[in-house]
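FYI, this note's numbering numbers position 14 of the sequence shown as 17, with every residue one higher than the one before it.
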Amino acid sequence: MSHQHRSKLMDYQIRAFTEGSVEFINNQWVFFDNETEEASLIEEYLHQEIEIFSLNKWRKGILFDDGKICLPNENLFLQDQDLIRIRKHLIYSLETILTDMNDDAFFQFVTTLNSLQFSIYDCIYCYNHLSFLEKERGKNGVNFMIFDNEEYICNVQHHFTYLEKTSDRFEFTLNSGKRVVIEKITS
Numbered sequence: 004m005s006h007q008h009r010s011k012l013m014d015y016q017i018r019a020f021t022e023g024s025v026e027f028i029n030n031q032w033v034f035f036d037n038e039t040e041e042a043s044l045i046e047e048y049l050h051q052e053i054e055i056f057s058l059n060k061w062r063k064g065i066l067f068d069d070g071k072i073c074l075p076n077e078n079l080f081l082q083d084q085d086l087i088r089i090r091k092h093l094i095y096s097l098e099t100i101l102t103d104m105n106d107d108a109f110f111q112f113v114t115t116l117n118s119l120q121f122s123i124y125d126c127i128y129c130y131n132h133l134s135f136l137e138k139e140r141g142k143n144g145v146n147f148m149i150f151d152n153e154e155y156i157c158n159v160q161h162h163f164t165y166l167e168k169t170s171d172r173f174e175f176t177l178n179s180g181k182r183v184v185i186e187k188i189t190s
């Protein structure tokens, strides 16, 4: 699996974006989150990738001062009531685990999580024990992750052994009692 395939799998996660509309109030662009109805200044997202709903589709661009969005082939300026969406950030410790994971384990973890109706962007807690073992030759331990999709909670234990053989075992447990265990062993 290439970096491009990983990126594509991450791009199509449910709940990966905060969606809302913008209004120009008191000489400032204000973003209104559709889900929480909270307001925030759009300047918090300057120089980040956002998507604007234009020409009946979501178009990616980089947000700059004065509501300017640089798209690949043109520049747009925000208008009152424009719909935009902003990619959520992953918890840093989860992002590190996903980056360090081999391709097969990454794919199995993310697709299993998705099959349980969770997204990697639903992560509310992540303990990355692997990051504490960086200087050790053989690595062995457990990472803990908790996901919340607003209907269920999912606890994931990632048991890893990176010695002569590599083993990634994921134990998914939902608050409903449902359990799924997957394991990937490579030599």
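Glycine included, every Cβ here is placed at the ideal spot set by N, Cα and C.
Check the C-beta distance from I123 over to Q16 and give it rounded, since I have them as a contact under 8 Å.
Indeed they touch by this definition, with Cβ atoms about 6 Å apart.
The beta strand (DSSP E) with E26 in it runs from where to where?
Unbroken beta strand (DSSP E) run through E26: 20-28.
In the DSSP output, what is Y161 paired with across the bridge?
The amino acid at residue 161 is misidentified as Tyr; the sequence shows His. In DSSP, H161 forms a bridge with N146, F173.
Quick check on DSSP: helix, strand or coil for N117?
DSSP places N117 in helix when its eight states are reduced to three.
Which ranges would you report for the beta strand (DSSP E) in the segment 52-109 if only whole runs of at least 3 residues count?
List check, beta strand (DSSP E) in window: 52-57, 60-67, 71-73, 78-80, 86-90.
With M104 and D171 assumed to form a contact (beta carbons below 8 Å), what rounded beta-carbon distance in angstroms separates them?
The pair is a contact, with the Cβ atoms about 7 Å apart (cut-off 8 Å).
I'd like to know if the segment 92-110 and the segment 133-140 are in contact, where contact means that at least 3 CB-CB pairs between them fall below 8 Å.
Short answer: they touch.
For a quick check, are the C-beta atoms of E41 and R88 less than 8 Å apart?
No, the Cβ-Cβ distance between E41 and R88 is not below 8 Å.
Mapping DSSP to helix, strand and coil, what is L44?
Note: L44 maps to strand in three-state DSSP.
With distances taken Cα to Cα, identify the nearest neighbour of N143 among T164, H8, V159, V33.
With distances taken between Cα atoms, N143 lies closest to T164.
Going by beta-carbon coordinates alone, are H50 and I65 separated by less than 8 Å?
Against a cut-off of 8 Å, the Cβ pair of I65 and H50 comes out as a contact.
Check whether the Cβ atoms of F121 and F147 sit closer than 8 Å, and answer yes or no.
Not a contact, by the Cβ cut-off of 8 Å.
Would you mind working out which of E98, N78, R140 sits nearest Y130, comparing C-alpha positions?
The candidate whose alpha carbon is nearest that of Y130 is E98.
Which residues in the same chain as G141 place their Cβ atom closer than 6 Å to its Cβ, once the five residues preceding and following it in sequence are excluded?
Counting only Cβ-Cβ distances below 6 Å, and skipping sequence neighbours, we find L166.
Assuming K91 contacts T21 under a Cβ cut-off of 8 Å, what Cβ separation, rounded to an integer in Å, is found between them?
That pair is a contact at about 6 Å.
Would the C-beta of E167 count as close to the ligand COA, meaning under 7 Å from any of its heavy atoms?
By its list of ligands, the structure shown contains no ligand whatsoever, and the ligand COA lies outside what it can speak to.
Give the single residue among Y48, I45, L86 whose Cα lies nearest to the Cα of R62.
Of Y48, I45, L86, the residue nearest in Cα terms is L86.
Closest to V184 by CA distance: which of N29, V159, D107 is it?
Checked all of N29, V159, D107; the closest Cα to V184 is V159.
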